[in-house]
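The block underneath contains the structure these notes are about, expressed in structure tokens.
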Amino acid sequence: MKRIASGMRPTGKLHLGNYFGALKNWIELQDEYECFYFIADYHALTTKFEASKEIRNNIYEMALDWFSMGLDYNRSPIYLQSSMIEIPILHLIFSMIVPMPWLERNPTVKEMIRDLDLKENVGYGLLGYPVLQSADILIVKGEYVPVGKDQLPHLEFARELARRFNYIYGEYFPEPEPIFTETPIIYGTDGKKMSKSLNNQINLSDSKEIMIEKISQMVTDPSKIRKNDPGHPDICSVFTYYGYFDKKNEENVKKECQNGERGCVQCKKEIALKIYNMFEDYREKKTELEKDKDTIWDILREGNKKAEKFTKETIEEVKKLMGLNYK
Ligand code: TRP
Ligand code: SF4
8 MKRIASGMRP TGKLHLGNYF GALKNWIELQ DEYECFYFIA DYHALTTKFE
58 ASKEIRNNIY EMALDWFSMG LDYNRSPIYL QSSMIEIPIL HLIFSMIVPM
108 PWLERNPTVK EMIRDLDLKE NVGYGLLGYP VLQSADILIV KGEYVPVGKD
158 QLPHLEFARE LARRFNYIYG EYFPEPEPIF TETPIIYGTD GKKMSKSLNN
208 QINLSDSKEI MIEKISQMVT DPSKIRKNDP GHPDICSVFT YYGYFDKKNE
258 ENVKKECQNG ERGCVQCKKE IALKIYNMFE DYREKKTELE KDKDTIWDIL
308 REGNKKAEKF TKETIEEVKK LMGLNYK
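If you read the sequence shown in my numbering, its first letter stands for residue 8, the second for the next number, and so on.
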């Protein structure tokens, strides 16, 4: 089996966009690849170092959602970046061979600096973001990385870095390639792309009442005021949910909306319930995992131990290639 490595920054509770944009693929890829999935908690520090105390809870909530949703920790190691001491070692070694211009020109880092308005406050760690990400992938010799388009520059960086290392010290690392999977854009309750930073998210763990409440406040086709007004589903973000969560009713809803046979209030309530019901198994597993607070940390500890076999080997081999294996 080919090997995948991928991480997610700990952002806490997952929303529908996180699920359809990444987690769903991660779960499916476990069937075909040997997967190394981890929580990139050091990466969270690159932009939010002052909020370091929030990371712990965000790790817990995210891992809880991963495992409740069916990410299988028995099949392959699922671990915590900061528990793997070999990752920062590889990061340090890489930092010696990375030319500064590679860091300064990285468009994803530039975007982060602009979006977060950091300018003079750009830390050494943030500039080194792609170096750390390369270490994450290469420490387990990841060959494929499922990522979104925004992460492509980081991946290109990892490939160049692997090539540079191999050129200097001898063929060793694979050049990791991206895996693109169909990831729909899920709109948030304000009609913009769902994202925690916009506070427009619907969480997997939202209660039935909250889901109904959030969806009922969404803006639909503004020209549809009464039930029998003809509507335009193509400009309604509630309608996009039918495409993702209730495909078989999509056509019917479209017709009824256009013909003025369907009211928005009912339309919203129906899809809210559909979405809620989709996560029945998730809630059951979650209740079980939540019984004991230690369960999640135990699973991660187990994953760390499994991953360690690979990360230790890599560092040993890297040091040997570099002639640093004194003893
Ligand atoms: N940078 C990624 C993100 O923001 C998270 C990440 C960290 C990652 N290390 C990685 C993704 C290694 C893939 C591989 O989403
Ligand atoms: Fe949107 Fe449904 Fe209202 Fe049509 S009836 S505008 S699809 S919410």
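The beta carbon of each residue, even a glycine, is placed where N, CA and C say it ideally should be.
At the level of alpha carbons, what is the spacing between residue i and residue j?
{"i": "R233", "j": "M218", "result": "23 Å"}
{"i": "S230", "j": "G238", "result": "7 Å"}
{"i": "T53", "j": "K255", "result": "43 Å"}
{"i": "Q265", "j": "A29", "result": "33 Å"}
{"i": "I222", "j": "L23", "result": "13 Å"}
{"i": "L87", "j": "Y67", "result": "11 Å"}
{"i": "L21", "j": "R290", "result": "13 Å"}
{"i": "L296", "j": "E111", "result": "43 Å"}
{"i": "E258", "j": "E189", "result": "21 Å"}
{"i": "K316", "j": "E323", "result": "11 Å"}
{"i": "N32", "j": "K334", "result": "44 Å"}
{"i": "D48", "j": "F56", "result": "11 Å"}
{"i": "T115", "j": "L123", "result": "12 Å"}
{"i": "E277", "j": "K292", "result": "25 Å"}
{"i": "P183", "j": "V152", "result": "7 Å"}
{"i": "H50", "j": "D288", "result": "31 Å"}
{"i": "E39", "j": "I282", "result": "28 Å"}
{"i": "I303", "j": "R63", "result": "12 Å"}
{"i": "E118", "j": "K275", "result": "36 Å"}
{"i": "I92", "j": "S214", "result": "39 Å"}
{"i": "F74", "j": "D299", "result": "14 Å"}
{"i": "N210", "j": "D305", "result": "24 Å"}
So, helix, strand or coil for residue i, using DSSP?
{"i": "V325", "result": "helix"}
{"i": "Y194", "result": "strand"}
{"i": "G24", "result": "helix"}
{"i": "I222", "result": "helix"}
{"i": "V129", "result": "coil"}
{"i": "N210", "result": "strand"}
{"i": "M15", "result": "strand"}
{"i": "P185", "result": "strand"}
{"i": "I146", "result": "coil"}
{"i": "F74", "result": "helix"}
{"i": "Y176", "result": "helix"}
{"i": "E5", "result": "Only positions 8 to 334 of the chain appear in this structure, which leaves residue 5 out of reach."}
{"i": "R166", "result": "helix"}
{"i": "I303", "result": "helix"}
{"i": "K200", "result": "strand"}
{"i": "P153", "result": "strand"}
{"i": "L87", "result": "strand"}
{"i": "R10", "result": "strand"}
{"i": "I96", "result": "helix"}
{"i": "I232", "result": "coil"}
Counting only the same chain and skipping the five closest in sequence on each side, list residues whose C-beta sits under 7 Å from that of residue i.
{"i": "P84", "result": "F43, G310, K313, A314"}
{"i": "N65", "result": "P17, T18, G19"}
{"i": "Y2", "result": "The chain is shown from 8 up to 334; residue 2 falls before or after that span and cannot be answered."}
{"i": "V226", "result": "G198"}
{"i": "A279", "result": "M218, I219, I222"}
{"i": "L168", "result": "F101, V105, S141"}
{"i": "P191", "result": "F27, Y251"}
{"i": "S59", "result": "L52"}
Taking the beta carbon of residue i as the centre, do at least 16 other beta carbons fall within 10 Å, making it buried, or is it exposed?
{"i": "I104", "result": "exposed"}
{"i": "Q273", "result": "exposed"}
{"i": "D143", "result": "buried"}
{"i": "K156", "result": "exposed"}
{"i": "S141", "result": "buried"}
{"i": "R82", "result": "exposed"}
{"i": "Q224", "result": "exposed"}
{"i": "G14", "result": "buried"}
{"i": "P108", "result": "exposed"}
{"i": "G135", "result": "buried"}
{"i": "N332", "result": "exposed"}
{"i": "F187", "result": "exposed"}
{"i": "K261", "result": "buried"}
{"i": "D228", "result": "buried"}
{"i": "R269", "result": "buried"}
Within a Cβ cutoff of 8 Å, which residues of the same chain sit near residue i, ignoring the five residues on either side of it in sequence?
{"i": "K199", "result": "L205, N207"}
{"i": "G177", "result": "L328"}
{"i": "I120", "result": "K126, V129, L133"}
{"i": "M285", "result": "F252"}
{"i": "R308", "result": "S90"}
Between which residues of its own chain and residue i is the CB-CB distance below 6 Å, once the five residues before and five after are set aside?
{"i": "R10", "result": "E41, G149, E150"}
{"i": "D79", "result": "Q37"}
{"i": "L97", "result": "A142, I146"}
{"i": "S102", "result": "V138"}
{"i": "A165", "result": "S141, I144, P183"}
Measure from the C-beta of residue i to each C-beta in chain B and report whether the shortest distance is under 9 Å.
{"i": "K293", "result": "This model lacks chain B altogether; it includes just one protein chain."}
Under 5 Å, CB to any heavy atom of the ligand SF4. Which residues pass, going along the chain? Result (chain order): T227, D228, K231, G238, P240, C243, V245, F246, C264, R269, C271, C274.
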